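Before any comments, here is the structure.
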DNA sequence: AATGAGCTTTGATCTGTGTCAATGCGCTTC
DNA sequence: GAAGCGCATTGACACAGATCAAAGCTCATT
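Protein chains in written order, with this note's numbering: chain A, 6 to 259; chain B, 6 to 259.
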């Protein structure tokens, strides 16, 4: 993973600083602010957001940020790291509903019933900013652009979900994988990482769950892409060699 | 379809009244208000909503309420009738993303880019209340419970989408159909209609698109349910005979 | 350096849905 | 009341992806 300097979230000294306040999330200081919740706010508005923000929290790889059924009080902005969200039914069925990376917001499904309805698990050591939701609502009555942006973020989540429904409902295995890889690529690139070379944080099984495929099919399909010279795969290390080819697969079949 | 009187949305005289104002949507007069957007508001708050609401609009069966790509200005509350929403990709793939009935809110996917991202088509003659979105935002800065309720409605949409993703990602054809029928039943029943006897407004193809199945599979599976004594099917008329059996199918397989 | 656990790859076979095709039913329209 | 059209049903067959099974890799631990 090639990381561009400006986006490194961990090159700050604040963690070891003695003043507690520095442990709070501070949007005004955050280099993700153009990607994240405070997008488009003025300096004075940013300061007010900083006041409202709860603590930053570190989540170890494999640990839950929250679990289905827990009371909902906050949403979370990912400052660094990588998460998966998923639902499990009584009968043990498990479905990954999404993978989230820095600057994305987690937990909005919990608003409707004041309960989290899915699990959020860190796929690598991560850090999130806690955003107390009722505080956010209070502040957003005063800052209209913030209110509007919250709506946009939630709406974007709905649109994203529709995209996944389309994928699950109409695409074949090859198309799903191609779409998945291109989507990851695009999101990494938006964060200043290399667009065509990255490290998968999730297992084949998790990819399969997300895409509605079995892990063997995921593996086989990636191998086929590899053989066809579209990508290079070595375990979790992926290189996109022929993006255009992947795009064609996404659209051509059927 | 057995309809309980109190929920009939069409037994009012206002359509023919000469005063234009009566054509406006009026939440305070609407018997769906406990299901719809104004849920939990006081009388005075309801009056303010009434002021804000745009016109009611009748949509003929088969007509579009909005289409993907159109500028987004309003969301819509369904006053009566039945809709489907769906997305179409450049390459002609078509996916139904949901079926909506009275009291449900349409169009929230358009907020994120100020453009509608899907088509909403009436499956029977319907009537919607237009809710100018920026007006709604303005009002919700003043009425916190309204703001919160908007968030809840959007969040509920996200949770619903996750449910569909689960369905598409992990369930077999029988389970999908069982889940679909039980979901319809539950929603009809919440609106005062019979829970175990209803008329499907959509074609087998539309059901199939929604559930990620081909229309033949939908038809065959319904026939199997019929043969097994779980339901009775005559074209679009459905009777649920053994709800418990359907629930078992939803969970037992796998 | 050896061990083991977890993940991935690959092969052989099976099966649930898709596909293709024919027929039937029930509206709408004239 | 007949004709025609859209939708639904049913059957035969094909195939994508699931399932079962066996190695192979990689990394953490000792």
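Cβ coordinates follow ideal geometry from the N, Cα and C atoms, glycine included.
Predicted, not measured: the structure shown is a model, and the values here were computed from it.
Practice task
Identify the contact partners of residue 36 (chain A) in chain B, using a Cβ-Cβ distance below 8 Å as the criterion.
Solution key: Those within 8 Å of residue 36 (chain A) in chain B number zero; the least Cβ separation is about 23 Å.
Problem - Within 8 Å, strictly: CB atoms of residue 80 (chain B) and residue 112 (chain B) - result: When the beta-carbon positions are compared, residue 80 (chain B) and residue 112 (chain B) come within less than 8 Å of each other.
Problem - alpha helix (DSSP H) segments (min. 4 residues) lying fully within the stretch 168–212 of chain B - result: Taking only runs of at least 4 residues, the alpha helix (DSSP H) segments lying wholly in the stretch 168–212 of chain B are 178–195.
Problem - Cβ-based neighbour list, residue 182 (chain A), same chain, cut-off 6 Å, excluding 5 preceding and 5 following - result: Sequence-distant partners of residue 182 (chain A) (beyond 5 residues in either direction) whose C-beta falls short of 6 Å from its own C-beta, in its chain, are 226.
Problem - Contact belief for residue 197 (chain B) with residue 136 (chain B) at Cβ below 8 Å, rounded distance in angstroms - result: Residue 136 (chain B) and residue 197 (chain B) do not touch by the CB rule: their CB atoms are close to 23 Å apart, not below 8 Å.
Practice task
With DSSP as the reference, label residue 48 (chain B) as helix, strand or coil.
Solution key: When DSSP states are grouped into helix, strand and coil, residue 48 (chain B) belongs to the helix group.
Exercise for the section: Taking the CB atoms as reference points, tell me whether residue 92 (chain A) and residue 105 (chain A) lie closer together than 8 Å. Expected result: No; because the gap between Cβ atoms is not below 8 Å, this pair is not in contact.
Practice task
Assign residue 38 (chain A) to one of three DSSP states: helix, strand, or coil.
Solution key: Coil at residue 38 (chain A), not helix or strand.
Practice task
Please work out which residues of its chain come closer than 8 Å, Cβ to Cβ, to residue 251 (chain B), disregarding the five sequence neighbours upstream and downstream, and give them in chain order.
Solution key: Cβ neighbours of residue 251 (chain B) within its own chain (closer than 8 Å, five residues either side excluded): 183, 186, 187, 230, 235, 236, 245.
Exercise for the section: Step through the CB atoms of chain B and report whether any lies within less than 8 Å of the CB of residue 150 (chain A). Expected result: The Cβ of residue 150 (chain A) sits no closer than 8 Å to any Cβ of chain B.
Problem - DSSP three-state assignment for residue 106 (chain A), whether helix, strand or coil - result: Residue state, collapsed to three classes: strand.
Exercise for the section: Return the CA-CA distance between residue 55 (chain A) and residue 148 (chain A), expressed in angstroms with no decimal places. Expected result: Approximately 13 Å between the Cα atoms of the pair.
Exercise for the section: May I have the straight-line CA-CA distance separating residue 23 (chain B) from residue 118 (chain A), to the nearest angstrom? Expected result: Its pLDDT being 41, under 50, residue 23 (chain B) is placed unreliably in this model, and the coordinates cannot settle the point.
Problem - Distance between residue 159 (chain A) and residue 333 (chain B) (C-alpha atoms, nearest Å) - result: With chain B covering only 6 through 259, there is no way to say anything about residue 333 (chain B).
Practice task
Please list the residues of the stretch 163–179 of chain B that have a C-beta atom closer than 7 Å to any C-beta atom in chain A, keeping them in chain order.
Solution key: Hits within the stretch, in order: 163, 164, 166, 167, 169, 170, 171, 173, 174, 175.
Problem - N-terminal and C-terminal residue of the alpha helix (DSSP H) that residue 128 (chain B) is part of - result: Counting along the chain, residue 128 (chain B) falls outside any alpha helix (DSSP H), and DSSP gives it neither H nor E.
Handout entry: Within-8 Å CB hit, residue 153 (chain B) to chain A
Key = The C-beta of residue 153 (chain B) comes closer than 8 Å to at least one C-beta of chain A.
Handout entry: Cβ-based burial, residue 75 (chain A) [other Cβ within 10 Å; buried from 16]
Key = Counting Cβ neighbours within 10 Å, residue 75 (chain A) comes out exposed, since fewer than 16 surround it.
Exercise for the section: Could you tell me if residue 107 (chain A) is buried or exposed, where buried requires 16 or more neighbouring beta carbons within 10 angstroms of its beta carbon? Expected result: Residue 107 (chain A) counts as buried, since no fewer than 16 other beta carbons sit within 10 angstroms of its beta carbon.
Handout entry: Stretch pair the stretch 168–183 of chain A + the stretch 200–220 of chain A: three plus CB contacts closer than 8 Å
Key = Yes: at least three Cβ pairs fall under 8 Å.
Exercise for the section: Put residue 89 (chain B) into one of helix, strand or coil per three-state DSSP. Expected result: For residue 89 (chain B), the three-state secondary structure derived from DSSP is strand.
Practice task
Could you work out which residues of chain A lie near residue 157 (chain B), taking near to mean beta carbons separated by less than 7 Å?
Solution key: Residues of chain A passing the Cβ test: 116, 117.
Problem - Which of helix, strand or coil DSSP assigns to residue 230 (chain A) - result: If DSSP states are grouped into helix, strand and coil, residue 230 (chain A) belongs with the helices.
Problem - Unbroken beta strand (DSSP E) run spanning residue 237 (chain A), endpoints - result: First-last of the beta strand (DSSP E) with residue 237 (chain A): 236–239.
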